[in-house]
Every structure is written in structure tokens, then in C-alpha cells.
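All residue numbers for the sequence shown refer to the UniProt record's numbering, where the first residue is 1 and numbers rise by one. We put the CB at the ideal spot given by N, CA and C, even for glycine. To keep things clear, I will list the structure first and then write my remarks on it.
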Amino acid sequence: MGLIRSGVPTFAIAAVVGTLLVTSCSTPSGTSTASDGLVLADGYELGGYNPVAGFGAAGEAKMYDGLVSLRGGEGMPGFEPALATSIPTANADATLWTVTLRGGVTFSDGSTFDAADVVATYKAILDPASASEAKSSFDMISDVVALDQNTVEFRLAYSYAPLLTKMLIGIVPSESVATPALAAESTLNTEPIGTGPYTLVDLSPDRAVFAANENYWDGAPEIKKLTLLYVPDDNTRAQRMASGEIDGTNLPPLLANTFESRDGMSVTAHQSADWRGVSLPTDNPVAGDPAMRMALNLAANRQSMIDNVLGGHGRVAATPIPEVYGASYNPDATFAYDPAKAEQILTDAGWIEGSDGIRSKDGRRAQFTIMYNSVDTVRRDLAQAFASDALGIGVEVDLEALSWDRIDPRINRDSTLLGGGDEPFDPDTQAYDALNSASIAPGVGSIYDNPSDYSNQVVDAGLDIGRRSLDQATRDAAYRDVQQAYVDDPGYVYLVFLDHTYVSKDSDWTMSGPVLEPHAHGVTWGPWWSLQTWTQEQ
């Protein structure tokens, strides 16, 4: 497929805007969500509700509780006890973590929660028989032991400071994982059993209905019913939102912005550590060239992408570590937008411009392919914008819109418009797998971990210090060093951090504040991430 030179395709958005204008006269305004029900439309498939398979690893599951939960607010979220009675504590070298468990808690099937359930859940995640996609994220855990009915000890293979990030995942009854089996085939995927504030009462491919857990240990939610609709098409969700058929949905930023002036509805943008960027595989003779990698970083007009692709809802990215990480963030580790310098770097490295404006070196044309997921309009638009920037310095980028099953076998050969930030609540979980060379070895982690096969000894050393030290100042310094070493020798073009955009009906509910969001951003996040805490004056 040849280079796609067009900018953001506005025709689709324009068509939807026209439809929204037609329906606006009949849209309810000033609506107040009734306490007995909330209907949300999501672009993500329903089901797959098994924590052992990785569901809810960032703590967003409504049917489950983790040992800890997130505390919302601006900036980096903190942790609060959930099924633990207090924040778990570590020994001096962070290899032993002790958790005291909450008593008097029951699962939705009526069974009693205790230490055996915690042990069974984590052991099931780590069991090769489960074939859990989450397993590699928990590989620091060598054993989990019940010291007594209310106390659990995590024994680690190495010092690991941010273990609290691994305690957000939901706990399941030990009986549900007593027989080793594939996590993807467990009945928990469609019949979840948890201690959370909601229980699943009905599930079909396009509809999931949840009821408030009236026996919830932290008090029954005031919103008694939650219905999730699976509506994969962005435009269809927008139209159903405009008609008043649903109470809220997630939408791409440009589409969400079309609701900004509508009475009775609000557009919210929640900060995330969800990045988008282009992998540059080391073995690709063009994208893997060090001079090419640096030049492409300087040629990318990231602010223009935020303004024109994200409708202003985003932040510039140079590394996977965003500014929200405070002292761990290095404000000097950035790439200026400097296409003239990019061109000079390529010329100095022997990439010489030809008569058609495209460079070549040693007979090889400066041309490579970027793959992107065909159903993701934001990735498409970012890929198109990046290709246009690359063309400006004499590099031709071919774009291929593919399904993930066609992208995966080529991910270490061809560039991909990727996203990341699945567990953004510590710099380690945000950056380690993306940048550490340990991920290069066959069979280590996910195929999406370091698909550029990036290797930098300074970066590796800093990442290891960051994850093993309990001293926060030491960790902060290590991550700042990692970022500087990376921008001196990049292996990707990190483009932007997204602000996730949502549209909801106005209501008189008192909600908690936002929380830093991960890569996942369906309607389990956004204004509804803490739905169980909403209150309403009677």
C-alpha cells in the first residue's frame, strides 16, 4: 500500500455532526440519572471477566476488589486498602510483603473471603496451565503464602518496590480456580464471582447488566443497576448519545468535541498515561538505522497532532514517562520539532535526497511500512500525520490498516502504531517492558513488549535501579537518567499521551474526582470509574 498523504478525514465526522444536528431538537436536557439505572455504551466487547486472565489488572473491575484500590484526584493516584485492612508493608529489601486481610467479607456466591482466596488467585495467574496473558506482569512473585486465615505473605524473586501496583487485580474464590485450566475458558469470564460493589446478572454479546451488591462490605452502591451496551462503531455510539438513548459513552476526541455545545450533556477529558507511538524495529534496515530514528523524532510535529488529531485532548510524548510522574519525570528529555536538523542528520549519515525527494543510502530507498489497527481511527489519523511529517524530510512511509492477528507476526520486522500504559501507576510498570532489553529474548513477556528490540545498557541499568530501590529519591533520579539516555539514543517515536474523552448526560449525582487512566479507556473508566461511590441528595 502506498503512502497515505491525506490529513484527518473529516467527511465521516461531518456526516455524524449533520445527524447530531437533526436529532438535537429532541435530545433531553438537564436529565438526572435515576438511582435505579444507568445505561452506558462501550466500544469494547463484553465478557472476559476473569482476573486470572488479566481482567481488571488496573483495578477497574466493578465485580471484584483487589487487595488495594486507587485513590482519585489530580496527578498520580495513591493507593487505599480494599481487601487489605491497611497498606501492605515490605521488608528492608522489598522481597517480602505482608498483607493483613479484611474480615467479614463475602463473595457474590455467599462464600467467605480469606487468605486462601488470595493465594489461589495469584497462584492461578502464575500457573502455566492458566496460560494467562497477565503472567509476565507478575513474574517478580515467586510464592504467595497464607500465614494464617487473615494474613498473606508475598515472597518475591527479586526486590520490587512497586508491588502495590500488582495488588489492584481482583481476587476470586479459591474454589473457582481449584482445578488448573486455561484462564480463557474459565466460567469466570461469563459468570464472575467477586467481592465487588456490583454483580453480573445478565450477559449477551451486546448487553451486560449489573446489579448493586446489597451486601457489599463498604456499603451498597446508590446506583442500583448498570447496563453496558456493546456498540463498536464510534459514529453509532455518538448518534445513540445524541438521541438520549444512553446516559454516557466513550468517543474519539474529535467526535466527542461535537457535543460540547449541547444542552444537558457534558464532554470530559481525563488525563491518562496512555501513549501512542511508532516502533522502529532494530532489524529493519531503514527504521532501525540510528540516524533515521533520531531524525524521525525531530521531524514529528507532535503538537500539531494534538491540535488536529486529538482536538486538543493530549500531551506531547518523547518517552513513555509522562509529566504526571513528578520528580521521576525529566523535563529536559524531549525532542524539539526541528525538521531542518532532522534533514541534516540524515544527510550526514549518508541518506541523500533523490530526484523524487526521497532519500536513499547505499542503494536502499528511505522507505518503510507502518502498520496500524484498522478499526482504530485515532491510530489511523496519527499514522497519517506521522507519514506526512516523515515525507517532509525525504522519508516515505507506507501505511497498512490491518487486524491485530495480521500485525502480530510482523511486529518485529515492520513498524507499528502502538499504544501503551496498561499499568500506569508507577514508572516501572509504565516503562520497563517497553524499553528494557530483557524483553528481546524469545518467549519473554508479550510480543508488544519492546517490539523495536531496543537495547541500551544505560537505560537497562536505570530501569533496574528504579524497580529495586525503596528510596524514592534514588528511584526518581534513576528514571530521569533513563529518559535522558533514551532521547540521546531513541528506538521509537513516542508521539502523544491521550486524554480520554467521554460524553455523559448531566445529572445531580455527586461524583468523585478523576483518576489517572491507563491504556484501557472504556466506560469502566471516565466519569464512571468510581460509580459505586456516587451519592445523591434525597
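According to the DSSP assignment, residue 279 belongs to no alpha helix (DSSP H) but to the beta strand (DSSP E) extending over 265-279. With contacts defined as CB atoms closer than 9 Å, residue 498 and residue 277 fail to qualify as a contacting pair.
The secondary-structure analysis by DSSP pairs residue 500 across a beta bridge with 270. Taking one beta carbon from each stretch, the region 200-220 and the region 91-106 have 3 or more pairs nearer than 8 Å; the two touch.
Classified as exposed, residue 233 has fewer than 16 neighbouring CB atoms from the shown chains inside 10 Å of its CB.
The distance from the Cβ of residue 447 to that of residue 408 is about 6 Å, consistent with a contact at the 8 Å cut-off. Runs of beta strand (DSSP E) with 3 or more residues, each lying fully within the region 202-228, are found at 207-212, listed in chain order. Beta bridge pairing from DSSP links residue 250 with 502. With 16 or more other Cβ atoms inside 10 Å of its own Cβ, residue 396 counts as buried. Excluding residues up to 5 positions away in sequence, 360 lie with their Cβ nearer than 7 Å to the Cβ of residue 354 in the same chain.
Just measuring C-alpha positions, the residue of 427, 428, 382, 369 sitting nearest residue 411 is 369. If you draw a straight line from the Cα of residue 266 to the Cα of residue 48, it comes to about 30 Å. Going by beta carbons, residue 295 and residue 393 fall inside the 9 Å limit.
Rounded to whole angstroms, the Cβ separation of residue 504 and residue 247 is 6 Å, and the two are in contact under 8 Å. Remark: C-beta atoms of residue 502 and residue 256 approach each other more closely than 9 Å. Taken through DSSP and simplified to helix, strand or coil, residue 372 comes out as strand.
Under DSSP, residue 516 shares a beta bridge with no residue. Nearest Cα to residue 425 within the set 139, 149, 126, 161: 161. Counting the other Cβ atoms within 10 Å of the Cβ of residue 60 gives 16 or more, which makes it buried.
Going by C-alpha positions, residue 491 is about 8 Å away from residue 281. Cβ neighbours of residue 94 within its own chain (closer than 8 Å, five residues either side excluded): 156, 159, 160, 161, 163, 468, 470. One alpha carbon belongs to residue 283, the other to residue 413, and they sit about 7 Å apart. For residue 437, the three-state secondary structure derived from DSSP is helix. Under the DSSP definition of a beta bridge, residue 97 partners with 90, 154.
By alpha-carbon distance to residue 380, the top candidate from 211, 399, 367, 242 is 399. Residue 138 is not a Cβ neighbour of residue 88, given a cutoff of 9 Å. Residue 91 counts as exposed, since fewer than 16 other C-beta atoms from the protein chains shown sit within 10 angstroms of its C-beta. Pairing residue 482 with residue 325, the inter-Cα distance amounts to about 14 Å. In this structure, residue 213 sits near residue 221, with a CB-CB distance shorter than 9 Å. Counting along the chain, residue 420 sits inside no alpha helix (DSSP H); it lies in the beta strand (DSSP E) bounded by residues 415-420. For the alpha helix (DSSP H) assignment, the uninterrupted runs of no fewer than 4 residues enclosed by the region 340-415 are, from N- to C-terminal side, 377-391, 404-407. The DSSP-derived three-state label of residue 191 is coil. Within the region 111-171, the alpha helix (DSSP H) runs of at least 4 residues that lie entirely inside it are, in chain order, 115-126. Here DSSP, grouped into helix, strand and coil, assigns residue 533 to helix. Separation of residue 365 and residue 388 (C-alpha to C-alpha, rounded to the nearest whole angstrom) is 17 Å. DSSP places residue 71 in the strand class (E or B) of the three-state scheme.
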